[in-house]
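Residue numbers (the numbering used here): 152 to 368.
A virtual CB, placed ideally from N, CA and C, is assigned to each residue, including glycine.
Have a look at the structure below before the remarks.
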Ligand SMILES: NC(=O)c1ccc[n+]([C@@H]2O[C@H](COP(=O)([O-])OP(=O)(O)OC[C@H]3O[C@@H](n4cnc5c(N)ncnc54)[C@H](OP(=O)(O)O)[C@@H]3O)[C@@H](O)[C@H]2O)c1
């Protein structure tokens, strides 16, 4: 880990952020945006819990940067429920949840199978719903002014024809976020961030997350 008081310049912007004492849960921490975000948040002092399926990558992140990894297949509802029970019992507090995990689903309306449909519903809607519910309940019960970030996709507005299950569920995720957002609680702030393009892995998550976490957590 680097300095706890970091001065970062991702896109010409300078931010000093100290997240010591904050607990963040990230889904899809093993690769891509989730990994870059987890590394960054560790660097800024947060305690980071991350889930994914790639056990080797998860254990490597534990060793390298101290992310606490749990192997969870988010398409398997029982695994998600077991993880939630574990998190509530063993951790019991959360300042930010980042529902980031997803995957491509290259099917059109014509060839999407029911199995693929169900898998994407579980991954992009059911898991974010269950984890958001857990986070909201914990934040409210512990009096934490926290944040839930659902990572959507611009394809929800500008779909590719061969991404039918992905587009549909990401659109649902945006609607779910808006629906949660109108639930008023003094301790809860729900935002939805749409990732348009991954400009430079490692910098872009800071651009979208750092400022918000800085202000709100
Ligand atoms: N990259 C882009 O340009 C872009 C554009 C629009 C939206 N997004 C959104 O940004 C988010 C991150 O994208 P990315 O490009 O960083 O993706 P990525 O590199 O493919 O990483 C996806 C992550 O999700 C996890 N994941 C996938 N299926 C899972 C499952 N069943 N259970 C648990 N974890 C699972 C993966 O973990 P394991 O491999 O360990 O299972 C991995 O850590 C996604 O929500 C994506 O839709 C990205």
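For residue 251, the shortest separation between its Cβ and any heavy atom of ligand 1 lies below 7 Å.
For residue 203, the uninterrupted beta strand (DSSP E) segment begins and ends at 198 to 203. Within the same chain, 315 come within 6 Å of residue 260 by CB-CB distance, once the 5 residues on both sides are set aside. The DSSP-derived three-state label of residue 179 is coil.
Under the DSSP assignment, residue 228 falls outside any beta strand (DSSP E), being part of the alpha helix (DSSP H) whose first and last residues are 228 to 241.
Counting every other CB atom within 10 Å of its CB across the protein chains shown gives residue 234 a total of 16 or more, marking it as buried. In this structure, residue 274 places its C-beta atom within 8 Å of the C-beta atom of residue 254.
In the same chain as residue 223, and ignoring 5 residues on each side of it, the C-beta atoms closer than 6 Å to its own belong to 202, 230 and 234, in chain order.
Distance from the Cα of residue 216 is smallest, within the candidate group 193, 300, 177 and 309, for 193. DSSP places residue 209 within a helical segment (H, G or I) once states are collapsed to three.
A straight-line Cα-Cα distance of about 6 Å links residue 317 and residue 256. For residue 323, the enclosing alpha helix (DSSP H) starts and ends at 315 to 332. Non-local C-beta neighbours of residue 323 in its own chain, meaning closer than 6 Å and more than five positions away in sequence, comprise 276, ordered along the chain. With a minimum length of 3 residues, the unbroken runs of beta strand (DSSP E) contained wholly in the region 247 to 288 fall at 247 to 250.
Its Cα nearest to that of residue 301, the residue 279 stands out among 195, 310 and 279. By the C-beta density criterion, residue 287 is buried, having at least 16 other C-beta atoms within 10 angstroms. A straight line joining the alpha-carbon of residue 241 with that of residue 189 spans about 20 Å.
Between the alpha carbons of residue 310 and residue 331 lies a gap of roughly 24 Å.
Around the beta carbon of residue 293, a 10 Å sphere encloses fewer than 16 other beta carbons of the protein chains shown; the residue is thus reported as exposed.
Not one heavy atom of ligand 1 sits closer than 7 Å to the Cβ of residue 269.
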